[in-house]
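Asker: Please read through the structure below; I'll follow up with questions.
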Amino acid sequence: MTHHIAVIPGDGIGMEVIPAGLRVLNHLNAAHGLGLEFEHFDLGAERYLRDGTTMPPELMVRFRESFDAIYLGALGDSRVPSNVHAKDILLGCRFELDLFTNLRPIQMLNAKYCPLKDKTPEDIDIMVFRENTEGLYVSIGGQFKKGTADEISTQTEINTRKGVERIIRAAYEYADKNGRKSVCMSDKSNAMRQGHDLWQRCWKEVAAEYPHIQSFHLYVDVLCMELVRCPERFDVIVTNNLFGDIVTDLGAQIQGGIGLAASGNIHPGKVSLFEPVHGSAPDIAGKGIANPLAAILSSGMLLAHLGHPDLEARIRAAVRHCLDTSQVTGELGGNLNTEAVTNAVLAHLDTTAQ
Ligand code: NAD
Ligand code: IPM
Ligand code: MN
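Sequential numbering of the sequence shown, starting at 32, is according to the working numbering.
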């Protein structure tokens, strides 16, 4: 069986961490005959600046019809201040491929990288379900009298019955299937009395179908506070697009750093996109020092999506080994570069091969 994987390194450190993740995927592909076939796409700021291309519409059709997964680095470059290429490529894939679940684990692998005191890996093991196809991200709005003192700008938040219900249901389904004991739904329904009232009503209906799972609600401001004060309260969190973006950077930090945060943009059973949570990190790009572990963990999520959860577990174990033995990049206090950390991951994968 062949799995077609589209590879989009994108901008900045995306071009450094995606090759690292591909080394891991190629290694496992060769060892286990996974049938992974990669096709590389030159999409990102350089391409846009060169010929104006962001995301060719016919390519989106190919992604939908002929690929099993997309492996993406990051998009963002100061030479494209409008960020139009990220909108068309990344948000384009999320919206047009209907990747409604942005699955973002917050999983501490080693306590020494956690900025919170006295927390253990057992305390921080959370799965965030970020709604990924609507909310404030849909780009509905406008500007009137732009650039004048009387300017008006609007940006509309979209919450649909279908969209809200399916992400909440996905979170409960996941909790149910994975033995998670609670789901926390987070919104801002005290202030957002229309859109987030819909979240409240959908949540109460879906939660009632899962009486064995403990359901609770927190406003997103309190969620941020509680994630720092008492992360062990949380098992599964479900929230909207923007809040999910913000909360998962906070989560990335409490689990050990943005260089360790992986994600999947998923439509179950269809082509799905896997990427580190971090961006193109222009401040460190081009130096070969970016932490590849978030991209490597994302490659594990990709393999799990293709039916290999055992290989994801081995990748996670290899990453944990690097952290345990301080074989890490500079931002985590180590002295290895991107390539050396990747070598350490590959070496550990060899030790766990049957
Ligand atoms: P960022 O995540 O790129 O960087 C934030 C900080 O974390 C920086 O100091 C950076 O050096 C550090 N960092 C990030 N990843 C790291 C890694 N793997 N190893 C070591 N350090 C790492 O966020 P930003 O600076 O706000 O954004 C830069 C650009 O990336 C912007 O254009 C933004 O829009 C874009 N962005 C893209 C994505 C994506 O494509 N998925 C995600 C976030 C940000
Ligand atoms: C992320 C990023 C994106 C988002 C940006 C680049 C549009 O921050 O994937 O977390 O906000 O979703
Ligand atoms: Mn983000």
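Quick reminder that beta carbons are idealized off the backbone N, C-alpha and C, glycines included.
Could you spell out the range, first to last residue, of the alpha helix (DSSP H) harbouring Asn374?
Answerer: Taking the first residue of the sequence shown as position 1, residue 374 is located at position 343. Here the alpha helix (DSSP H) through Asn374 covers 369-382.
Asker: With distances taken Cα to Cα, identify the nearest neighbour of Phe10 among Pro112, Glu182, Cys124.
Answerer: With the chain running from 32 to 385 in the structure shown, residue 10 is simply not present.
Asker: In chain order, what residues of the same chain have a beta carbon less than 8 angstroms from the beta carbon of Glu263, not counting five sequence neighbours either side?
Answerer: The residue labelled residue 263 in the question sits at position 232 within the sequence shown. Excluding residues within five positions, the ones whose Cβ falls inside 8 angstroms are Lys150, Glu153, Asp154, Ile155.
Asker: Report the option in Gln186, Asn322, Pro340, Asn366 whose CA atom is closest to the CA atom of Val350.
Answerer: Start at 1 with the first residue of the sequence shown, and residue 350 comes out as number 319. Nearest C-alpha to Val350: Asn322.
Asker: With DSSP run on the structure shown, which of helix, strand or coil describes Gly275?
Answerer: For the purposes of this step, residue 275 is taken as residue 244 along the sequence shown, with counting starting at 1. The answer is helix: DSSP assigns Gly275 an H, G or I state.
Asker: Going straight from the alpha carbon of Arg54 to that of Asn141, what length do you get?
Answerer: Translated into positions along the sequence shown, residue 54 becomes position 23. Translated into positions along the sequence shown, residue 141 becomes position 110. So the two alpha carbons sit approximately 24 angstroms from each other.
Asker: So Leu128 and Val302 are supposed to be a Cβ contact under 8 angstroms. How far apart are they, rounded?
Answerer: Sequence index remark: in the sequence shown, residue 128 carries index 97 (1-based). Sequence index remark: in the sequence shown, residue 302 carries index 271 (1-based). With a Cβ gap of about 6 angstroms, Leu128 and Val302 count as contacting.
Asker: Tell me which residues pass a beta-carbon proximity test against ligand 1: closer than 5 angstroms to any heavy atom, given in chain order.
Answerer: My final list is Ala105, Leu106, Gly107, Ile289, Gly290, His309, Gly310, Ser311, Ala312, Asp314, Ile315, Ala321, Asn322, Glu362.
Asker: What are the partner residues of Phe305, as DSSP defines its beta bridges?
Answerer: As a first step, residue 305 must be located in the sequence shown, where it is residue number 274. BP columns for Phe305 point to Tyr102, Gly295.
Asker: DSSP state of Pro136, grouped into three classes?
Answerer: One-based indexing of the sequence shown puts residue 136 at position 105. Residue state, collapsed to three classes: strand.
Asker: Measure the C-alpha to C-alpha separation of Gln284 and Leu273 and round it to an integer number of angstroms.
Answerer: Within the sequence shown, the letter at position 253 stands for residue 284. Within the sequence shown, the letter at position 242 stands for residue 273. In a straight line, the C-alpha of Gln284 is about 18 angstroms away from that of Leu273.
Asker: Hey, would you say the C-beta of Leu121 is under 7 angstroms away from at least one heavy atom of ligand 2?
Answerer: Reading the sequence shown from its first residue, position 90 is the one you call residue 121. For ligand 2, at least one heavy atom lies less than 7 angstroms from the Cβ of Leu121.
Asker: Assuming Pro323 is part of the alpha helix (DSSP H), what are its boundary residues?
Answerer: What you label residue 323 is simply residue 292 of the sequence shown in a count that begins at 1. Pro323 -> no alpha helix (DSSP H), and no H or E assigned at all.
Asker: Taking Glu389 as the reference, which of Pro50, His58, Pro40 has the closest Cα?
Answerer: Here the chain covers residues 32 to 385 and nothing more, so residue 389 does not appear.
Asker: List the endpoints of the continuous alpha helix (DSSP H) containing Ser97.
Answerer: Counting from one through the sequence shown, the residue named residue 97 turns up at place 66. It spans 88-97 - the alpha helix (DSSP H) in which Ser97 sits, taken as one unbroken run.
Asker: Put Glu162 into one of helix, strand or coil per three-state DSSP.
Answerer: Residue mapping note: residue 162 aligns to position 131 of the sequence shown, counting from 1. Reduced to three states, the DSSP call for Glu162 is strand.
Asker: Kindly examine ligand 3 and report whether one of its heavy atoms sits closer than 7 angstroms to the Cβ of Asp42.
Answerer: Indexing the sequence shown from 1 puts residue 42 at position 11. The answer is no for Asp42.
Asker: Hey, how far is the Cα of Val269 from the Cα of Ala222?
Answerer: Sequence index remark: in the sequence shown, residue 269 carries index 238 (1-based). Sequence index remark: in the sequence shown, residue 222 carries index 191 (1-based). Their Cα atoms are separated by approximately 18 angstroms.
Asker: Grouping DSSP H, G and I as helix and E and B as strand, with all else coil, what is Val38?
Answerer: Within the sequence shown, numbered from 1, the residue matching residue 38 stands at position 7. It is a strand residue.
Asker: Does the segment 72-91 come close enough to the segment 111-119 to have 3 or more Cβ pairs within less than 8 angstroms?
Answerer: The segment 72-91, when compared against the segment 111-119, does touch it at the 8 angstroms Cβ threshold.
Asker: If you draw a straight line from the alpha carbon of Val92 to that of Asp73, how long is it in whole angstroms?
Answerer: What you label residue 92 is simply residue 61 of the sequence shown in a count that begins at 1. What you label residue 73 is simply residue 42 of the sequence shown in a count that begins at 1. Roughly 17 angstroms separates the two Cα atoms.
Asker: Give the list of continuous alpha helix (DSSP H) stretches no shorter than 4 residues that lie fully inside the segment 239-289.
Answerer: Listed in chain order, they are 251-260, 272-286.
Asker: On a CA-only basis, which of Ser311, Ala375, Gly295, Val159 is nearest Leu337? Give me that one, please.
Answerer: As a working note, residue 337 is residue 306 in the sequence shown. Minimum Cα distance to Leu337 is reached at Gly295.
Asker: Just tell me which of Ala37, Ile36, Asp42, Val48 has its CA closest to the CA of Thr373.
Answerer: Here residue 373 refers to the residue found at position 342 when the sequence shown is read from its first residue. When only C-alpha atoms are compared, the closest one is Val48.
Asker: Suppose you measure from the CA of Glu188 to the CA of Gln225; what does that come to, to the nearest Å?
Answerer: The residue labelled residue 188 in the question sits at position 157 within the sequence shown. The residue labelled residue 225 in the question sits at position 194 within the sequence shown. Approximately 10 angstroms, taken between the alpha carbons.
Asker: Can you list, in chain order, the residues of its chain with a C-beta nearer than 8 angstroms to that of Gly287? Leave out the 5 residues immediately preceding and following it.
Answerer: Numbered from 1 along the sequence shown, position 256 holds the residue referred to as residue 287. Excluding sequence neighbours, Gly287 sits near Met139, Leu140, Asn141, Tyr144, Cys145, Leu354, Leu363.
Asker: Comparing the CB of Asp276 with every heavy atom of ligand 3, is any distance shorter than 7 angstroms?
Answerer: Here the question's residue 276 lines up with position 245 in the sequence shown. For ligand 3, at least one heavy atom lies less than 7 angstroms from the Cβ of Asp276.
Asker: Need the endpoints of the alpha helix (DSSP H) that Gly66 sits in, please.
Answerer: On the sequence shown, position 35 is the one that residue 66 refers to. Taken as a continuous stretch (DSSP letters only), Gly66 belongs to no alpha helix (DSSP H), as it is neither H nor E.
Asker: If the criterion is Cβ atoms closer than 8 angstroms, does the pair Gly104 and Glu236 meet it?
Answerer: Within the sequence shown, residue 104 is the residue found at index 73, counting from 1. Within the sequence shown, residue 236 is the residue found at index 205, counting from 1. For Gly104 and Glu236, no; Cβs fall outside 8 angstroms.
Asker: For Ile183, report the span of its beta strand (DSSP E) as first-last.
Answerer: To locate residue 183, count along the sequence shown from 1; it is residue 152. First-last of the beta strand (DSSP E) with Ile183: 183-186.
Asker: Just to confirm before moving on: does the CB-CB distance between Leu130 and Met158 stay below 8 angstroms?
Answerer: Residue numbering aside, residue 130 sits at position 99 when the sequence shown is read from its first letter. Residue numbering aside, residue 158 sits at position 127 when the sequence shown is read from its first letter. For Leu130 and Met158, no; Cβs fall outside 8 angstroms.
Asker: May I ask you to check if the CB of Ala117 is nearer than 7 angstroms to at least one heavy atom of ligand 2?
Answerer: For the purposes of this step, residue 117 is taken as residue 86 along the sequence shown, with counting starting at 1. Within the cutoff, so yes.
Asker: Would you give the residue range spanned by the beta strand (DSSP E) that Val214 belongs to?
Answerer: On the sequence shown, position 183 is the one that residue 214 refers to. Counting along the chain, the beta strand (DSSP E) containing Val214 begins and ends at 213-218.
Asker: Just the C-alpha distance for Thr84 and Ser329, rounded to the nearest angstrom, thanks.
Answerer: To locate residue 84, count along the sequence shown from 1; it is residue 53. To locate residue 329, count along the sequence shown from 1; it is residue 298. Approximately 26 angstroms, taken between the alpha carbons.
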